[in-house]
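A.B. asks: Structure below; questions to follow.
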Amino acid sequence: QILDLEHFSKNAGLSLTKLTPLFKQTLSAEALEDPRRVFVLLIWAFISSLSGSSADEECRTASRKVLDEEPAIRLVTSSLAQLGFGDYEAWKACQAVRWMITNTAWLPEVQDLEAATLFEKWMKDEQLREYIEVNEYNQVLWFNQEKFVDMLWYMRVASVLWYASQADVSAVDLLEKNILAEALFARLLDGLKTSEYQLAKLQDALS
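Numbering (the numbering used here), first residue to last: 385 to 591.
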C-alpha cells in the first residue's frame with residue numbers, strides 16, 4: 385500500500401491532481417530502481433512538518449534540528465532497518481532525509497537560479513556533503529558518483545513534491561517550475577560527466 389501513489393500523496397499531504405504525469409510515473413513502484421525510496425520520501429514528508437508547516441522556513445529548520453539529534457537518528461535508522469535497509473543504507477537514507485528537510489524549498493525562485501549557485505548552496509549542508517561522500521585525497525576533494533546521482537534523484541522528486549503541497553500552486557505553475565528545474569538538473573548531470581568525480585572540476589563545469 386505504501387508504494388501506491390494515491391496512498392503516498394495522502395500521507396505526504398500532497399494534492400495528487402497537482403503532480404504531473406512525469407512524476408506519477410517516476411514515483412510508481414515499477415519505475416523505481418529501489419521501491420524502498422518511497423519509504424525515505426514518506427519519512428521526509430512526515431518529519432518536515434513535525435514542527436509546523438513545511439512552507440515556513442523556521443518550521444523546516446526546527447524540524448531539521450529534531451532529526452539532527454541522536455535519539456531521532458537512531459529511531460529513523462532502526463525503523464529503516466526494519467523495512468529492509470542494511471546498516472549503511474539506513475544511515476545514508478537518514479542523511480538524505482536530514483538534508484531534504486532544509487534544501488528542497490527552492491522551486492519558488494527557480495527562474496532566478498543558476499546550477500552553480502544552487503549547488504554551492506547545497507554544499508554548505510554538511511549532511512549533503514557527507515551523503516555524496518566528499519573526501520580529500522592527495523589534496524583533491526572527491527565525491528561518490530553513485531551517491532551524487534542518488535542525491536539528484538531525491539532532490540528532484542522531493543523539491544517538486546514539496547512545491548506541489550504548497551497552497552495556491554496551480555498545475556500550470558508546477559509544470560512551469562518543473563521544466564525550469566529539469567534544465568538545472570540536466571546541467572548538473574552534464575557537469576558530472578566531465579568532473580572525473582572531483583568537486584572542484586564539477587564546480588568549474590557548472591560555472
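Glycine is no exception: its CB is placed at the ideal position from the N, C-alpha and C atoms.
If I measure Cβ to Cβ from Gly436 and keep anything under 6 Å in the same chain, skipping five residues before and after, which residues do I get?
C.D. replies: Taking the first residue of the sequence shown as position 1, residue 436 is located at position 52. Cβ within range, chain order: Cys443.
A.B. asks: Quick one: what's got a C-beta closer than 8 Å to Asp574's C-beta in the same chain, skipping five residues either side?
C.D. replies: Position 190 of the sequence shown, counted from the first residue, corresponds to residue 574. The residues are Ala589.
A.B. asks: State the Cα-Cα distance for the pair Trp526 and Lys505, rounded to the nearest angstrom.
C.D. replies: As a position in the sequence shown, residue 526 is number 142, starting the count at 1. As a position in the sequence shown, residue 505 is number 121, starting the count at 1. Cα-Cα distance, rounded: 18 Å.
A.B. asks: I need the boundaries of the beta strand (DSSP E) containing Leu525, first residue and last residue.
C.D. replies: Locating residue 525 in the sequence shown gives position 141, counting from the first residue. Segment 524-526, the beta strand (DSSP E) holding Leu525.
A.B. asks: Quick one: Cα of Ala565 to Cα of Ala446, how far?
C.D. replies: On the sequence shown, position 181 is the one that residue 565 refers to. On the sequence shown, position 62 is the one that residue 446 refers to. Ala565 and Ala446: Cα-Cα distance of roughly 26 Å.
A.B. asks: Assuming Leu558 contacts Ala548 under a Cβ cut-off of 8 Å, what Cβ separation, rounded to an integer in Å, is found between them?
C.D. replies: Stepping through the sequence shown from its first residue, residue 558 is reached at position 174. Stepping through the sequence shown from its first residue, residue 548 is reached at position 164. That belief holds up - the Cβ atoms of Leu558 and Ala548 are roughly 6 Å apart, short of 8 Å.
A.B. asks: I'd like the span of the alpha helix (DSSP H) that includes Glu520, first residue to last.
C.D. replies: Reading the sequence shown from its first residue, position 136 is the one you call residue 520. Segment 519-521 is the beta strand (DSSP E) holding Glu520; no alpha helix (DSSP H) there.
A.B. asks: Which complete alpha helix (DSSP H) runs does the region 503-572 hold, if anything under 4 residues is left out?
C.D. replies: 510-515, 529-548
A.B. asks: Note down, in chain order, each residue of its chain lying with its Cβ closer than 6 Å to the Cβ of Glu448, except the 5 sequence neighbours on either side.
C.D. replies: For the purposes of this step, residue 448 is identified with residue 64 of the sequence shown, where counting begins at 1. Looking at the sequence itself, residue 448 is Arg, so the reference to Glu does not match. Ile485, Thr486.
A.B. asks: Contact check, Tyr521 vs Lys476 under 8 Å by CB: the rounded distance?
C.D. replies: For the purposes of this step, residue 521 is taken as the residue at position 137 of the sequence shown. For the purposes of this step, residue 476 is taken as the residue at position 92 of the sequence shown. With a beta-carbon spacing of about 20 Å, Tyr521 and Lys476 fall beyond the 8 Å limit used to define contacts.
A.B. asks: Going by beta-carbon coordinates alone, are Ala474 and Thr488 separated by less than 7 Å?
C.D. replies: Along the sequence shown, one-based indexing puts residue 474 at 90. Along the sequence shown, one-based indexing puts residue 488 at 104. Their beta carbons are not under 7 Å apart, which means Ala474 does not touch Thr488 by this criterion.
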